[in-house]
Amino acid sequence: MSSMHRQTKSDADDRIAVSARDVTMDFGADLPAVDNASFDVEKGTFLTILGPSGSGKTTLLRMIAGFQPPTSGVITIGGKPVDAAPPHRRSVGMVFQKLALFPHMTAAENVAFPLKMRRTDPSLIPDKVEQFLSLVKLDGYGERSPHELSGGQQQRVAIARALVFEPDLLLLDEPLAALDRKLREEMQLEFRRIQKELGVTTINVTHDQREALVVSDDIIVMNNGVIQQQSKPVGLYRSPNNLFVASFIGIST
Ligand code: ADP
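The opening residue of the sequence shown carries number 4 in this note's numbering; numbering runs sequentially from there.
Written as C-alpha cells, this is what we have:
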C-alpha cells in the first residue's frame, strides 16, 4: 500500500476547524447544561446544533464563542484553545437574535464597524463594505438606518457585518427566530448560499428540525445537555441512535 494515501494525524487535524473534548458546563442545577460533549467540526462545513428548548445549545455556542469558560473540558478553534480574549480579537463572526445592529449607524457604518475595530487601512474600508453589502444583495442600501430596513434586510446587514472581516468561523444563534416563516425560510437559504460562496465554517443553533435538515452538512442533536448523535442529515433519518432522535426528527416532517 502506498504511504502517500495514508492519512497522518496532522492531515486530519488540518481539516478540523473546531474541536470540543469532554466539555461540561455545570450551573449547579440537577443536570449540567452541557454534559461531557465531544465533537469536531470540519473546515468549510455548515454544522447545526439541534435540540428542544433547554437542551444546552446556546450554552454550547457561548462556550465556543468564548463568552463562557466550560466547567471542564477543552474547546479549540484552529487548534488553539478558546480563551477569554474578547471576540473582536478572534476570527469569529456572530449573528445572534439579540446582537442587533447599532441603531444610530447606517447600514454601511454597521458593516464598517468590525473593520475599524481591527484597524483596517481606512482607504480599503469603503470597497470592502460595498462588496459585502452586495454579497447579501443590499447594493444601494448602505446609507439607510436600521429602522428604514425590513427585518430580513436588517439580518442581511448583520450577516455582512459578521463576515466582512473574513472570519474563520461564523456562529449563528437563531438569528431568524423573530422573522415570519416565509422570510425565515428564504433567509435560511441565503445563509447557506453565502456560506458556500465564502466557504466559511459555520455553527448554527436551532430548535427547528426542518431548518436543520435543509441547510446543514452535519447535525448535532442535543437533549438534556447530552449529545445524542452527530450525523449528516440523511443519517439521522436512516439510522437514528435512539428513540429521542427518531421522534425529534420525525415530529415536523
Ligand atoms: P437551549 O439553548 O437549548 O434552549 P440553554 O443552553 O439556553 O438551552 O440552557 C440549557 C440549560 O442551562 C437550561 O436548563 C437553562 O436554564 C440553563 N442555563 C443556561 N444559562 C444559564 C445561566 N447563565 N445560569 C444558570 N442556568 C443556565
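Positions of the beta carbon are idealized from the N, C-alpha and C atoms, including for glycine.
Using C-beta distances below 8 angstroms, list every residue in its chain close to residue i, excluding the 5 sequence neighbours before and after it, in chain order.
| i | result |
| --- | --- |
| Q158 | V98, P178, L179, L182 and M190 |
| S6 | With a pLDDT of only 47 at S6, under the threshold of 50, the placement of this residue in the model should not be trusted; the figure read from the coordinates follows. Contacts found: none. |
| N226 | G54, P55, S58, F247 and F251 |
| N39 | D25, V26, T27, G76 and V229 |
| V44 | I19, A20, V21, S22, L50, T204, I206 and D221 |
| A36 | M28, D29, F30, G59, T62 and G228 |
| F116 | F105, M108 and R164 |
| D130 | none |
Give the DSSP bridge partners of residue i, in chain order.
| i | result |
| --- | --- |
| D220 | Answer is none; D220 lacks a bridge partner. |
| D33 | In the DSSP output, where bridge partners are listed per residue, D33 has none listed. |
| I233 | One detail in the question is off: residue 233 reads as Gln in this sequence, not Ile. Bridge partners of Q233: I223. |
| F42 | A23 |
| V95 | L172 |
| P84 | T79 |
Does any heavy atom of ligand 1 sit closer than 8 angstroms to the C-beta of residue i?
| i | result |
| --- | --- |
| H150 | no |
| G202 | no |
| T74 | no |
| P178 | no |
| F30 | yes |
| L63 | yes |
| G228 | yes |
| A40 | no |
| G54 | yes |
| M225 | yes |
| V98 | no |
| A36 | yes |
| G69 | no |
| H107 | no |
| V160 | no |
| S58 | yes |
| V208 | yes |
In chain order, what residues of the same chain lie with their CB nearer than 7 angstroms to the CB of residue i, ignoring the 5 residues before and after it?
| i | result |
| --- | --- |
| S255 | Confidence in S255 is poor, its pLDDT being 43 and thus under 50, which makes the residue's placement unreliable; the coordinate value appears in the next sentence. Hits under 7 angstroms: Q212 and R213. |
| T209 | T51, L53, E177 and A215 |
| Y240 | I252 |
| Q100 | D176, E177, P178, A180 and A181 |
| G47 | G202 and T204 |
Residues in the same chain with beta-carbon distance under 6 angstroms from residue i, minus the five sequence neighbours each way, listed in chain order, please.
| i | result |
| --- | --- |
| M4 | The pLDDT assigned to M4 is 44, lower than 50, so where the model puts this residue is not dependable; a value taken from the coordinates is nonetheless given after this. Within the same chain, M4 has no close Cβ partners at all. |
| Q233 | F42 and I223 |
| T205 | F49, L173 and Q198 |
| G145 | A110, A111 and L136 |
| A249 | P243 |
Between residue i and residue j, is the Cβ-Cβ spacing less than 9 angstroms?
| i | j | result |
| --- | --- | --- |
| A68 | L174 | yes |
| T51 | N245 | no |
| I78 | R24 | yes |
| R164 | N113 | yes |
| V95 | D171 | yes |
| A110 | L141 | yes |
| L127 | L118 | yes |
| V217 | R184 | no |
| P236 | S219 | yes |
When the Cα of residue i is compared with those of the options, which residue comes out closest?
| i | options | result |
| --- | --- | --- |
| A215 | G145, R187 and D130 | R187 |
| P149 | A161, K140 and D142 | A161 |
| P84 | V132, Y144, A20 and M120 | A20 |
| D29 | P73, F105 and K46 | P73 |
| G155 | E133, Q134 and L192 | L192 |
| G81 | A249, R93 and F70 | R93 |
| A103 | P125, L34 and L152 | L152 |
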